[in-house]
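Protein chains in written order, with our numbering: chain A, 38 to 361; chain B, 13 to 364; chain C, 333 to 611.
Using N, Cα and C, we set each Cβ at its ideal position, and we do this for glycine too.
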Amino acid sequence: MERIFFKFNKEIFSKRGDLKIAPLNNTYNWNLRQRIFNIVIFSMGIFIIIILAGILITLFYGSFPALKKFGLNFFINKEWDPVFNKFGSLPVLIGTLLTSFIALFISIFFSLSISILLGEYFKKGGFSNFIKTSVELLAAVPSVIYGFWGLFVIVPLIRTLEIKLTLPSYGVGIFTASLILAIMIIPYAASIGREMIELVPSDIKEAAYALGATRYEVIKKVILPYSKSGIIAGVFLALGRALGETMAVTMLIGNSNFIPKTIFHPCNTMASVIANEFTEATTEIYTSSLIEIGLILFFVTVIINLIGKYIIKKFTIETRRENG
Amino acid sequence: MRGKLILFTIIAITMTVLLMIIGCGNNKSSEVELLGAGATFPYPLYSKMFSEYYKEKGIRVNYQAIGSGGGIRQLLNKVVDFGGTDAFMSDGSLAKATAKILHIPTCLGAVVVTYNLPGNPKLKLTSDIIADIFLGKIKKWNDDRIKKLNPEVGLPDSNITVVHRSDGSGTTFIFSDYLSKVSKKWREKVGRGKSLNWPVGLGGKGNPGVAGLIKQTPNSVGYVELIYALQNNMPFATIKNKKGNFIVPSLKSVSLAAQINIPDDTRISLTDTDAEKGYPISSFTWIILYQEQNYNSRSYERAKATVDLLWWIIHNGQKYNKELEYAPLPASAVEKAEKILKSVIYNGKNIL
Amino acid sequence: MDKKIIFRIFKDKLFKFIVICTSGLVLIPLVFIILYIIKNGISVINLEFLFTLPKPIGEAGGGIIHSLTGTFILIILASLFSIPLGIGAGIYAVEHKKSKVAKIIIFSVEILQGIPSIVIGIIGYMWLVKPIGQFSALSGGITLGIMMLPIVIKATEETLKLIPFSLKEAAIALGVPYYKAILKVILPSAKSGIITGILVGIARISGETAPLLFTAFGNNFLNFNIFKPIDALPLLIFNYATSPYKEWHKIAWGASFVIVILILVLNISTRLVVKKWRT
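As structure tokens, this is what we get:
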């Protein structure tokens, strides 16, 4: 059926998309308008590519002074010293890694539960909708409100905990920021995980049931192993989100440019250091170092996001192909 | 249905275009809106001053308190009409600017050492103790040196949580300038500046951020401008000055600290003052602007409005200082400021 | 045999229980946050709050009208930038989907979607503030527009892909020129999907703060001039929340309440749109 339409197309349309068959209106107007339309949407498409290229170029251009001055040492230096213009990004790199991975670790259990709940147990119906909506609401709350709420509700709690553990009672710090970050990324991993679990073909599930497996056993031994890569992709995307998260982290991490001694100490992430210091970086090298951090952040988040999306695509295509 | 959608879209677009026309119309009309950015140190005062200025003259002054570092940077980028800073620009940075920048003092303030301790006690501190606390060398509140100075105060056996600025701050500059003068250790290890490599502590954004953190963190200590401590009922320390007297920061002790010779360009540090009863961590705060006001196609009206605003600040505006515990400018400072303002030019011609 | 089976059934029921409980736990912070916002926010909201300007520090009262109108204006600017551009690019990507350019466009959109908001803020500053010499609502709006763009493009692309080929064929067979077929036949039937994408995009950017830190900059006065700095609800919340003043904290809660209501309304509208135009 499709083949016929295709041939039909080729015969009726010339390359520019206007009809070869005698038109009912003035051909000249159509040609012009058609061409304009094509040019307009083409340039809009190209514009998107230009924006992306522009972002890359601007980031490189802005970080050039810092790249030239510090080179690879930028990643190893742990001094972030605006007075003597010595900048090393190691503290913020560590801060970013710590907060993101702790947040990921905390959130995985919850995301997985929700994925299984919505993908297996309650695929449809009132309760399912209720949970789905609630999780979507979690994703809809803006970052700055999470930070605000965290500042007034979670920070005092953590402070009390720190006093009990005889740690310095900052309240803010890596742990607090990771906690709020975990709550923020649960919706992302959960929704992707659910989609992946739903993709598991019913025939292998039914085969397991036919052999007498309980639901739990089917989940543990069939569904999860099968959708493993999809779930990992969800984790990647959640990680990408966590790395770039700015406002909530800025308000809760304590803003200190040192390598933290424990997770209850303050630190900075790549995003929070830019947010705090960009408008006032007074020297060129200071601004340039901050832009270089932006460049690093750009690459890290983009690569992780792309890996995640690639895994999902491969998994989805494979599964669809198997399902015939 | 489609008709309704088209109608709706037309209405929405018309409204938007109208809005933008009104907006642009506003731009062309006589209502000049001035944009300033910078120090949080004088922000409560500027906030009051600009609100009154609007009532008096109908001119809006939009001041964003992003820290002195931000004020300097945005003026250098020529993105604001004036900057606010408590750290006067050094000769080096002035030389790097593309045009001459002037400093106009607007008021005097005090940087106080404020803290969060049970019972809000009034502490006495000396310069070396303060330096050591912020260097991380004195770690507990009931350290012997603090106890010796404050025998009647029940100091807890808990760790000191230091709070400092996370942004580029003139308040930090004043504080570190003082510490550099009184402590060799500080001068060598940390130095003076708007952003420092702090040995310990949490960072808060702006004076409000630091005050907010201290208020909510027990056993913490930090430095803020006097009014922030007063407005939030936070206690602050009495500090021993150069002459050996313990001085309470107040508008009186700050004014006394300013009774010295002020240079013509008004760039001077008042910390560690020689004055007998002067508070040792006092400072001017300045508004900075370009001498030649015709840059980036600024209009004459805009330049005049800026200069008029500054003239008002150093004269009529000064009456708002006292109730917010900022000291008014001494007569000698006003005189120098007037001279500087008169030197502001537009296309080579004096504005005033 | 019996015991083993009972044990397996027990594990099964236990697992279900654990999954339900853990999922329930996730709801706790959500409920907590929403309740907190409602409790602290609703007491602040009154006519003065919604329609007046802020007072100087330390004085009670004052309102958020400058931020409300600011957010509104920024949303309009961002939409004006991203909707035409997004739909156009989406149409190109789907109509010419075999071409290399279209594949690069789709790839670029995937990358754009993942860029953190603070990096886009840096770009906004470098492109729109520094060269012009002024912080402005326009720069903030366009920066937000760049963030909204991938969402609109994706929504357009996905919806257009779902439209049966035969629709376009029928139109063209009837003599409608190609470009008109797209504009007047295909797009209207893609309406619901695209509008959903737009609403989702707006919900996303109305809470964004980071891009505005270096572009819109903030303003204590009411401002309709897009070439001047402007305030926005998220900026207000950020500045007031980190301050020590109790009055400002209360206002920040009120503003949070307003944003959350706005996002809720947008989400509900999305559902309604999908329901209504599901052909």
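Asked                                                                                                                                            : Found
Classification of tyrosine 240 of chain B by the beta-carbon crowding that lies within 10 angstroms, buried from 16 upward                       : buried
Beta carbon proximity, leucine 531 of chain C to chain A, threshold 8 Å                                                                          : no
Nearest neighbour of lysine 333 of chain B, chosen from B/Ser59, B/Asp179, B/Glu200, B/Asp277 [CA to CA]                                         : It should be pointed out that residue 333 of chain B corresponds to asparagine in this sequence rather than to lysine. Cα-wise, what sits closest to asparagine 333 of chain B is B/Ser59.
Selected residue, minimal CA-CA separation from lysine 112 of chain B, among B/Pro133, B/Leu129, B/Asn128, B/Lys90                               : B/Lys90
Cysteine 119 of chain B: first and last residue of the uninterrupted beta strand (DSSP E) it sits in                                             : 113-128
CB contact check: isoleucine 22 of chain B to chain C, cutoff 8 Å                                                                                : no
Inter-residue Cα distance where the pair is lysine 169 of chain A and leucine 175 of chain A                                                     : 10 Å
Test: asparagine 342 of chain A CB closer than 8 Å to a CB of chain C                                                                            : yes
Within 9 Å of chain A by C-beta, residues of the region 201-220 of chain B in sequence order                                                     : Val202, Gly203, Arg204, Gly205, Lys206, Ser207, Leu208, Asn209, Trp210, Pro211, Val212, Gly213, Leu214, Gly215, Gly216, Lys217
Beta-carbon gap between proline 261 of chain B and alanine 122 of chain B smaller than 8 Å                                                       : yes
Cβ neighbours of alanine 59 of chain A in the same chain (closer than 8 Å, five flanking residues each side left out)                            : Confidence at alanine 59 of chain A is low in this model, with a pLDDT of 47, below 50, so the placement of that residue is unreliable and no value is reported for it.
Three-state secondary structure assigned by DSSP to glutamine 372 of chain B                                                                     : Here chain B covers residues 13 to 364 and nothing more, so residue 372 of chain B does not appear.
The region 501-517 of chain C touching the region 69-76 of chain A, judged by at least three CB pairs closer than 8 Å                            : yes
Secondary structure of tryptophan 585 of chain C, DSSP reduced to three states                                                                   : helix
Closest by C-alpha distance to glycine 373 of chain C, when choosing among C/Lys582, C/Phe467, C/Leu385                                          : C/Lys582
Contacts around lysine 607 of chain C, its chain only, beta-carbon distance under 8 Å, and the 5 residues preceding and following it disregarded : none
Selection from A/Gly331, A/Val255, A/Asp240 that minimises the alpha carbon distance to glutamate 359 of chain A                                 : A/Asp240
Amino acids of chain A, ordered along the chain, whose beta-carbon sits closer than 8 Å to that of proline 496 of chain C                        : None at all; the shortest Cβ gap to chain A is about 11 Å.
N-terminal and C-terminal residue of the alpha helix (DSSP H) that isoleucine 251 of chain B is part of                                          : Isoleucine 251 of chain B -> not in any alpha helix (DSSP H); beta strand (DSSP E) instead, spanning 250-252.
Beta-carbon separation (whole angstroms), glycine 230 of chain A vs leucine 149 of chain A, contact threshold 8 Å                                : 6 Å
Arginine 314 of chain B at chain C interface by Cβ criterion, 8 Å                                                                                : no
Span of the beta strand (DSSP E) around leucine 46 of chain B                                                                                    : 45-50
Valine 124 of chain B versus threonine 320 of chain A - alpha carbon distance                                                                    : 28 Å
Own chain residues within Cβ distance below 7 Å of glycine 224 of chain B, not counting five before or after                                     : Gly216
Backbone CA spacing between threonine 611 of chain C and leucine 499 of chain C [nearest angstrom]                                               : With a pLDDT of only 49 at threonine 611 of chain C, under 50, the local geometry of the prediction cannot be trusted, and no value is derived from it.
Spatially closest choice to serine 80 of chain B from B/Pro54, B/Asp93, B/Ile259, by CA coordinates                                              : B/Pro54
Contact set between asparagine 599 of chain C and chain A, taken where Cβ atoms lie within less than 9 Å                                         : Thr170, Glu173, Leu174, Ala177
Members of the region 384-416 of chain C near chain A, C-beta cut-off 8 Å                                                                        : Pro416
Below-8 Å beta-carbon distance, serine 51 of chain A vs any chain C residue                                                                      : Its pLDDT being 49, under 50, serine 51 of chain A is placed unreliably in this model, and the value from its coordinates should be taken loosely. Output row for serine 51 of chain A: interface = no.
Validate contact between the region 579-599 of chain C and the region 423-442 of chain C using beta carbons, cut 8 Å, 3 pairs                    : no
Entirely enclosed beta strand (DSSP E) segments - the region 162-187 of chain B, minimum 3 residues                                              : 173-177
Option in A/Asn342, A/Glu235, A/Ser137 with minimal Cα separation from tyrosine 158 of chain A                                                   : A/Glu235
C-beta neighbour in chain A for aspartate 563 of chain C, strict 8 Å                                                                             : no
Under the three-state DSSP convention, the category leucine 214 of chain B falls into                                                            : strand
Buried/exposed call for arginine 380 of chain A, threshold 16 Cβ in 10 Å                                                                         : As displayed, chain A neither begins before 38 nor continues past 361, which places residue 380 of chain A out of reach and without an answer.
Closer than 8 Å to chain C by CB, serine 63 of chain B                                                                                           : yes
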